[in-house]
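For the sequence shown, the positions run 22 to 322 when my numbering is used.
Glycine included, C-beta positions come from ideal geometry on N, C-alpha and C.
Before any comments, here is the structure.
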Amino acid sequence: MKEIKLISAESGIRIDIWVSLKLKEYSRNYINNLIENKLLLVNKKDIKPSYKIKVNDEILVNIPEPQLLNIVSENINIPILYEDDDIIVVDKPKGMVVHPAAGNYSGTLVNALLAHCKDGLSNINGIIRPGIVHRIDKFTSGIIVVAKNNNAHEKLSKLFKAHDIKRVYIAVVDGVIREESGKIDAPIGRHSNFRKKMAVTLYNSKNAITYFKVLKRFKNATYIEVTLETGRTHQIRTHMSYIGFPLIGDTEYGNKRQKYGIEGQALHAKILGFVHPRTNEYIEFEVEPPNCFKKLLVDIN
């Protein structure tokens, strides 16, 4: 059992919201489960999720030890763009989850990589995310680099943290963007009410910068190229929705009713460039979008 002690400096905020904002690795639902099981105490007393904190409340959060999971290898065909002793660069299909999590313990990129690489993946991120240095969403297709050893993992992680990675995406957004290009500089953090969503906010957020360029305009949509300076969770989806041009197919950040019949957001990680962790030479990869993305460009024309 892991114990975390917190002292509140605010008042009037629901305990489940406050703790989930302070401990961002845990969802609000998870915090509520801790409260229901009397694993979260305030001033050594049981409370309800609706309890509103007071200044100098002492909050004790007891985190049970995680259950060990047996993540199995699966023979899933994944397009490999490049591979050597240190890294493997893959083209993740649209609809595939990157690593196992609640509700997705099989069919993920990690399951496929375990079959392909055997034990040849870094273990810095533990058994759930071997080799995973960065992620893209389930319904985002495109390039991911995976570390095959811990030295490569550490060096790649430093590049991502320093924003020394070239990441170029293509997307189709709802609405017609009149500007030829633009910069979105707006901090991103967890949505205050929906823990699985991100939002532009000044509260517990991190700086986020996105550049976009119009590639083609349609009657009711725009085909754009997007370059990331930072790499926050759901950054492109959040930023484009924030300026009024959500991604087509994105029912979480855009229109709940989609008229083009695609599953998930029209977003593709097209280019990834970085310095190789062993050779120190810059390498760059580019991959075309899947057929469903190309079909969308035809359908909206």
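Residue i - containing alpha helix (DSSP H), residue span
| i | result |
| --- | --- |
| D320 | 312 to 320 |
| I38 | 36 to 43 |
| T259 | 256 to 263 |
| R49 | 49 to 57 |
Test item: CB-CB of residue i and residue j under 7 angstroms
| i | j | result |
| --- | --- | --- |
| I165 | V93 | no |
| L288 | A192 | yes |
| V197 | R253 | no |
| K113 | L102 | no |
| I80 | I34 | no |
| I25 | V82 | yes |
| H255 | T231 | no |
| G152 | A168 | yes |
| I145 | H120 | no |
| N56 | S41 | The amino acid at residue 56 is misidentified as Asn; the sequence shows Ile. Result no, Cβ atoms of I56 and S41 do not sit closer than 7 angstroms. |
Burial state of residue i (16 or more Cβ within 10 Å)
| i | result |
| --- | --- |
| G163 | buried |
| M22 | exposed |
| A242 | buried |
| E284 | exposed |
| F295 | buried |
| E273 | buried |
| L317 | buried |
| D15 | Residue numbering for the chain in the displayed model covers 22 to 322; residue 15 lies beyond these limits and cannot be assessed. |
| R278 | exposed |
| K176 | buried |
| N132 | buried |
Secondary structure of residue i, DSSP reduced to three states
| i | result |
| --- | --- |
| R199 | coil |
| S178 | helix |
| A168 | strand |
| A220 | strand |
| A242 | strand |
| A173 | helix |
For residue i, the first and last residue of its enclosing beta strand (DSSP E)
| i | result |
| --- | --- |
| R238 | 230 to 238 |
Open item on the list: As an exercise, report each continuous beta strand (DSSP E) stretch of at least 3 residues that is fully enclosed by the segment 73 to 160, in chain order.
Closed with: 79 to 84, 101 to 104, 108 to 113
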